[in-house]
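Here the structure comes first, spelled out in structure tokens, and everything after it is commentary.
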Amino acid sequence: MLLTIENNRFGAITIAGKTHAHGVLICLSEDIKNRQPKLAKRVCGTSHILSLDEAKYIYEKGCEVMIAGSGQHDSRRLSPEAGANFKKRACEVIVRGTPTAGRTFNLTKSRKIGVFHVTR
Numbered sequence: 128m129l130l131t132i133e134n135n136r137f138g139a140i141t142i143a144g145k146t147h148a149h150g151v152l153i154c155l156s157e158d159i160k161n162r163q164p165k166l167a168k169r170v171c172g173t174s175h176i177l178s179l180d181e182a183k184y185i186y187e188k189g190c191e192v193m194i195a196g197s198g199q200h201d202s203r204r205l206s207p208e209a210g211a212n213f214k215k216r217a218c219e220v221i222v223r224g225t226p227t228a229g230r231t232f233n234l235t236k237s238r239k240i241g242v243f244h245v246t247r
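What follows is the structure, given as structure tokens:
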């Protein structure tokens, strides 16, 4: 992937020259989509947990690594069911505070997807 996460701060993340004021999903194709926090809120009551429904939505066949930015203060978590879903599909999961996750995403050479929590 050539797509680069250039900057992030509370309330925004800049990817490939465009600043997003909401959570994002980076696909294998390098398309950037809005994160769907309702998938987590509906099941978990909060968007600070990546639910099984959200894991199924973001997973793409052929993905080797899913990198999750858990916010500036590392407050977002993966539900046990979501973790098991990625494990079943042989997809490594890396969850880090968004600043660290952004650097990890940029350095990872594997086929990867990313989901980054941005607080508005």
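In terms of the working numbering, the sequence shown opens at residue 128 and continues consecutively. Beta carbons: idealized from backbone N, C-alpha and C, even for Gly.
Legend entry - Member of L155, Q199, D158 whose CA lies at the smallest distance from the CA of V248: Not covered by the structure: residue 248. The range shown for the chain is 128 to 247.
Legend entry - Cβ-Cβ separation, K160 to L152 (assumed contact under 8 Å), whole Å: 5 Å
Inset, instruction - Report the residue ranges of all alpha helix (DSSP H) runs contained in full by the region 133-198; include only those spanning at least 4 residues, in chain order. - result: 165-171, 179-185
Inset, instruction - Kindly indicate the opening and closing residues of the beta strand (DSSP E) around K239. - result: 239-243
Legend entry - CA-to-CA distance, T246 to H147, given in whole angstroms: 11 Å
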